[in-house]
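S.K.:
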Amino acid sequence: MTTRILTGITTTGTPHLGNYAGAIRPAVRASRDADTDSFYFLADYHALIKCDDPRRIQRSRLEIAATWLASGLDPERVTFYRQSDIPEIPELTWLLTCVAGKGLLNRAHAYKASVDKNIEAGEDPDAGISMGLFSYPVLMAADILMFNAHKIPVGRDQIQHVEMARDIAQRFNYLFGNGKALFALPEALIEESVSTLPGLDGRKMSKSYDNTIALFGTAKQLKDEVARIVTDSKLPGEPKDPDSAHLFELYRAFATPERSAAFRAELIDGLGWGEAKQRLFQLLDEELAAGREHYHALIARPDDLEDILQAGAAKARRIATPFLGELREAVGLRSFRGEGSEAAATKKAAAAKKGGKRARFASFREADGRFRFRFFSAAGEELLLSRPFSDPKAIGALGQRLVELGGAALDLRVGEADVFSLWLDGEVLADSPRQTDSAALERAMQNLRDAIDGLAE
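In my numbering, the protein residues as written are -12 to 444.
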């Protein structure tokens, strides 16, 4: 089963070497995985929340698009587009805004931090806070749900936004899914091994510290910036400690294990810092020279870059446009044509359900004294076997809660060996029987949703 992965790219500032090692390079490598369907987008609507300089936003969009392409992102293999080129996204944002609870958005970290800062300064809690900042999580949810992405690579500070997207999706599915999960429930993908490069002064490489190394500047600029790396005062011939030298950390991030080991040994043997910086420059130049040339060619031909992004937008909209049409139908924004025949069909379907068998929960006691339940469809198919409960009353309460939640809002997660699990409040409650293949698994999940909805009727 192909996994759809969606990555948003912030369009403020010019990328530096730390951005490349920590985010761009691993993301480009991941995009080559044959088992993934990768979406990469320039989050330029999001940039408007933080930046009110149109020239800076325009320049940053150009530089960041060129950077990712020059770093090896293949627009033929992935879907690469600008957020602002997909008109379906702001429309979906409004549909989601209408189901997103204000209480949910009140808990967003960025909004809460701004409120806390205002209170500390003795200001009105909402002073200077725009609806763009407050509604940021809904726009991010629309980015994710528009393409039903399964995995969202994010830093730990963004996990909450993916969880909010999941909550909003569940609510929308419950209200408008009519037994169908319109939105897949996304999961945050945390890269624990993402490298954080030190800057020129040893602190984390960051524009706010003014300690960055430009990614695709000129070769002379690269050499000059490497020369500014702070080192200790040990002279050539004196042993150096590689483990405390951020110059060595930078070298190791780009060298093979063999070259790193050799460089480490030379530092211990007394390699001078001047020569060590020359070695680092040569290594970085080898890594970046081809990309640098490609980058400057793209910057010099913005029309070509525009063509690439427009092609990516067209590719994305082949998914977004019909899907938004389905969502519009779901919420009632439908054409009036065929209204009479649709009403007749609805009435006929309701009549057909009268007197039919219903799905049921069957609880039982294990030998160890704990309780479980099996859940059967109206046709008698076993759909779930629960994990153990200590209190049999909890089973009845759980069943009622599932019915109230609705089939479309069930949190069903596919595991190994063609089995899915039912989750609630962050815990696994029950598992499905093993299915024969992925198609049977999808059918079983839909049967479960239909059976839960049938109990509510």
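Beta carbons are placed, not taken as given, at the ideal position from N, Cα and C, and that holds for glycine. Because the structure is a prediction, the values reported are computed rather than measured.
Name the one or two DSSP bridge partners that residue 371 has.
M.R.: 362.
S.K.: Evaluate the contact criterion for the region 183 to 194 versus the region 153 to 165: three or more CB pairs, one atom per stretch, below 8 Å.
M.R.: Touching, no, given that fewer than three Cβ pairs across the two stretches are closer than 8 Å.
S.K.: Mind pulling the alpha helix (DSSP H) runs of 4 or more residues that sit fully within the region 2 to 45?
M.R.: Here the runs fully enclosed are 12 to 17 and 31 to 37.
S.K.: Just checking, does the region 349 to 364 make contact with the region 392 to 405 on the three C-beta pairs under 8 Å criterion?
M.R.: Short answer: they don't touch.
S.K.: Return the Cβ separation of residue 51 and residue 28 in integer angstroms, given the expectation that the two are a contact with Cβ distance under 8 Å.
M.R.: Rounded, the Cβ-Cβ distance is 11 Å, inconsistent with contact.
S.K.: Could you give the C-beta distance for residue 134 and residue 156, rounded to a whole number, given that I count them as a contact under 8 Å?
M.R.: That pair is no contact at about 12 Å.
S.K.: With DSSP as the reference, label residue 336 as helix, strand or coil.
M.R.: Because residue 336 carries a pLDDT of 46, less than 50, the predicted location of this residue cannot be relied on, and no value is offered for it.
S.K.: Mapping the DSSP letters down to three states, classify residue 400 as helix, strand or coil.
M.R.: Residue state, collapsed to three classes: strand.
S.K.: Mapping DSSP to helix, strand and coil, what is residue -10?
M.R.: Three-state result, residue -10: strand.
S.K.: If I measure Cβ to Cβ from residue 390 and keep anything under 7 Å in the same chain, skipping five residues before and after, which residues do I get?
M.R.: Cβ neighbours of residue 390 beyond the five flanking positions: 439, 442 and 443.
S.K.: Which residues bound the beta strand (DSSP E) around residue 66?
M.R.: Segment 66 to 69, the beta strand (DSSP E) holding residue 66.
S.K.: Among all the DSSP beta bridges, which residues are the ones paired with residue -4?
M.R.: Answer is 29.
S.K.: Would you call residue 323 buried or exposed, if buried means 16 or more other Cβ atoms sit within 10 Å of its Cβ?
M.R.: Under this definition residue 323 is an exposed residue.
S.K.: Does the Cβ of residue 424 have 16 or more other Cβ atoms within 10 Å, making it buried, or fewer, making it exposed?
M.R.: Classification for residue 424: exposed.
S.K.: Which residues share a DSSP beta bridge with residue 348?
M.R.: Answer is 362, bridged to residue 348.
S.K.: Does the separation of the CB atoms of residue 359 and residue 349 fall below 7 Å?
M.R.: No, Cβ-Cβ distance for residue 359 and residue 349 is not below 7 Å.
S.K.: Is the beta carbon of residue 363 less than 7 Å from the beta carbon of residue 347?
M.R.: Taking 7 Å as the Cβ cut-off, residue 363 and residue 347 qualify as a contacting pair.
S.K.: From residue 338 to residue 345, what does the alpha carbon distance come to, in whole angstroms?
M.R.: Because residue 338 sits at a pLDDT of 47, beneath the cut-off of 50, its placement in the model cannot be relied upon, and the following sentence gives the value as read from the coordinates. Answer to the nearest angstrom: the Cα atoms are 15 Å apart.
S.K.: DSSP three-state call for residue 128: helix, strand or coil?
M.R.: Residue 128: helix per DSSP, three-state reduction.
S.K.: Note down, in chain order, each residue of its chain lying with its Cβ closer than 6 Å to the Cβ of residue 84, except the 5 sequence neighbours on either side.
M.R.: Once the five neighbours on either side are set aside, the close Cβ partners of residue 84 are 125.
S.K.: To which residues of the same chain is residue 202 closer than 6 Å at the C-beta, ignoring the five residues directly before and after it?
M.R.: Same-chain partners within the cutoff: 2, 3, 4 and 7.
S.K.: If residue 47 sits next to residue 0, beta carbons under 8 Å apart, how far is it from one beta carbon to the other, in whole angstroms?
M.R.: With a Cβ gap of about 6 Å, residue 47 and residue 0 count as contacting.
S.K.: In the DSSP assignment, the alpha helix (DSSP H) including residue 431 goes from what residue to what residue?
M.R.: Here the alpha helix (DSSP H) through residue 431 covers 425 to 442.
S.K.: Let me know the alpha helix (DSSP H) ranges lying completely inside the region 116 to 185, each 4 residues or longer, listed in chain order.
M.R.: Complete alpha helix (DSSP H) runs here, min 4: 118 to 121, 123 to 132 and 146 to 163.
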